[in-house]
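Novice: Below is the structure I would like to discuss, written out as structure tokens.
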Amino acid sequence: MSGDNPEDEIDGPGMNARFKAFLFPSRTAPARATTQAAQVRDRKYNGSTKAMAAAYGVQPRSVSRWIDGSRKPVKYADRLHRDATEVQTTPRGRERRAQEMEARKGRSGIGARVGRANTFQVRGSDAVRARDIYLHLTGAQVAALTRATEESEVQGIIKKALADHFNAGSVYSGFSEDDFDFDINDVDYSGS
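When the letters of the sequence shown are read in order and numbered with my numbering, they come out as residues 135 to 326.
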């Protein structure tokens with residue numbers, strides 16, 4: 135059951151959790167797995183151990199053991215951390231921050247470094263190479279990232295930002311999100 139969720143393939147805290155931790159620094163996930171598990175169960179699954187167990191593909195007893203500390207969620211630690219980071223901010227808080235970012239219009243003051251982005255072929259050249267690309271995110275892009283709930287949404291927003299970045303240049307244009315590929319765990323954020 136756990137293989138059905140594409141998020142299971144992500145190593146580490148995930149891009150969405152890292153962005154939420156960056157944007158809401160006072161709302162970081164608790165360090166202890168017991169607290170993470172309890173908060174995820176209570177806030178994401180409305181207190182239902184059964185629902186959380188089904189989502190993680192484990193028995194309800196496993197979730198209960200994670201919460202009481204008698205077992206560690208070793209196999210699910212990264213996913214649990216991502217979920218715990220996500221539940222730290224309320225939908226209302228994320229929406230308020232998104233509206234604040236949209237009000238900034240153009241540049242938001244927040245940037246992203248997309249590490250080792252595999253870029254496109256330029257005018258038939260086979261010079262496809264991996265390189266770090268620094269983006270200045272717009273208020274709308276940051277608002278979209280703030281509202282995103284899935285890793286795939288965040289990846290799509292960053293791909294669109296990459297296309298916009300290169301389409302703004304004076305030499306080349308016509309790039310789409312499909313022209314870029316990058317490691318989902320190799321995106322860092324900066325700014326305020």
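Built from N, CA and C at the ideal position, the CB exists for glycine as well.
Would you call the CB atoms of N301 and F309 closer than 8 Å?
Specialist: Yes, the pair counts as a contact, with Cβ atoms nearer than the cut-off.
Novice: Thinking C-beta only, is M235 closer than 8 Å to V288?
Specialist: Result no, Cβ atoms of V288 and M235 do not sit closer than 8 Å.
Novice: Is it buried or exposed, T283, if we count other Cβ atoms within 10 angstroms and call 16 or more buried?
Specialist: That one is exposed.
Novice: Using 8 Å as the threshold, is the C-beta distance between T272 and S242 below it?
Specialist: Cβ atoms of T272 and S242: closer than 8 Å.
Novice: Nearest to F316 by CA position, among S307, G325, A278 and V248, is which residue?
Specialist: Closest by alpha carbon: V248.
Novice: Using the C-alpha atoms, what's the distance from D320 back to R175?
Specialist: Answer to the nearest angstrom: the Cα atoms are 29 Å apart.
Novice: Tell me whether D142 sits in a helix, a strand or coil according to DSSP, three-state version.
Specialist: Unreliable positioning characterises D142 in this predicted model, as indicated by a pLDDT of 38, which lies under 50. The coordinate reading is nonetheless provided below. Helix.
Novice: Rounded to whole angstroms, what is the Cα-Cα separation between D212 and A165?
Specialist: Rounded to whole angstroms, D212 to A165 spans 12 Å at the Cα level.
Novice: How far does the alpha helix (DSSP H) with Y179 in it extend, from its first residue to its last?
Specialist: First-last for Y179: undefined, no H or E at that position.
Novice: Locate the alpha helix (DSSP H) running through D322, then write down its first and last residues.
Specialist: Unbroken run through D322 is the beta strand (DSSP E), V321 to G325; no alpha helix (DSSP H).
Novice: Would the C-beta of A246 count as close to the ligand GDP, meaning under 7 Å from any of its heavy atoms?
Specialist: Ligands are entirely absent from the displayed structure, and the ligand GDP is therefore not among its contents.
Novice: Buried or exposed for Q83, please, with buried defined as at least 16 other CB atoms from any protein chain shown within 10 angstroms of its CB.
Specialist: Residue 83 cannot be examined here, being either before or after the span of the chain that is shown, 135 to 326.
Novice: According to DSSP, which residues form a beta bridge with L271?
Specialist: Per DSSP, I244.
Novice: Over the uninterrupted alpha helix (DSSP H) stretch that includes I318, give me the two end residues.
Specialist: No alpha helix (DSSP H) holds I318; DSSP gives it neither H nor E.
Novice: Just how far apart, CA to CA, sit R152 and K178?
Specialist: Near 18 Å, if we compare the C-alpha coordinates of K178 and R152.
Novice: What number of angstroms, rounded off, separates the C-alpha of V192 from the C-alpha of N150?
Specialist: V192 and N150: Cα-Cα distance of roughly 24 Å.
Novice: When DSSP labels each residue in this structure, what does R166 get in the three-state scheme?
Specialist: It is coil, neither helix nor strand.
Novice: Using a Cβ-Cβ cutoff of less than 6 Å, which residues in the same chain neighbour P194 once the five nearest sequence positions on both sides are dropped?
Specialist: Within the same chain, P194 has close Cβ partners T183, K184 and A187.
Novice: Exposed or buried, R216, counting other C-beta atoms within 10 Å across all chains shown (16 or more means buried)?
Specialist: It is buried - the Cβ of R216 has at least 16 other Cβ atoms within 10 Å.
Novice: With DSSP collapsed to three states, give me the class of R238.
Specialist: Coil, per DSSP.
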